[in-house]
Amino acid sequence: MATKPISEVVPLEEWIRTYHSFRTELDLRLRETGFNLIELHQNALGPEISPGAWEGNGYRVYVEGRALTFEVSEEASTDEALEAFKSYRESLFNH
2 MATKPISEVV
12 PLEEWIRTYH
22 SFRTELDLRL
32 RETGFNLIEL
42 HQNALGPEIS
52 PGAWEGNGYR
62 VYVEGRALTF
72 EVSEEASTDE
82 ALEAFKSYRE
92 SLFNH
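Residue numbers (this note's numbering): 2 to 96.
So this is what it looks like as structure tokens:
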């Protein structure tokens, strides 16, 4: 799947709000579990497609250290990109 950063699809202000809310929840989850980002993703999303990379329905996420990059299909609309992020977020936090 060809991808591009979600920030190229979703309007910047909307993406900043969405990501800030996510990152706050993510940091809390990391503190609660004692996992690092890689461990949290392995536990919730299963095997990597390549080191530090996971793929889901319409998205790909890359993790290195404390950095996270979220990409969506090149053809994704704003609504589809946000839906892919919602799916990822639910998979990560509701595992």
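All residues carry an ideal CB built from backbone N, CA and C; glycine is no exception. Please read these numbers as outputs of a predicted model, since none were measured by experiment.
Item	Value
Which of the three DSSP states is assigned to R67 in this structure?	coil
Do I7 and F86 have their CB atoms nearer than 8 angstroms?	yes
Measuring alpha carbon to alpha carbon, tell me which of A3, M2, Y20 ends up nearest L83.	Y20
What separation, rounded to the nearest whole angstrom, lies between the Cα atoms of I39 and I50?	13 angstroms
Helix, strand or coil: how does DSSP classify A54 here?	strand
Mark G35 as exposed unless 16 or more other C-beta atoms lie within 10 angstroms of its C-beta, in which case mark it buried.	exposed
Short of 6 angstroms in beta carbon distance, which residues of its chain neighbour T70, apart from the five on each side in sequence? Order them along the chain.	Y63
Which same chain residues, not among the five before or five after D94, have their C-beta less than 7 angstroms away from its C-beta?	Strictly speaking, residue 94 in this sequence is Phe, with Asp absent from that position. For F94, where only same-chain residues beyond five positions count, the Cβ hits under 7 angstroms are E26, R30.
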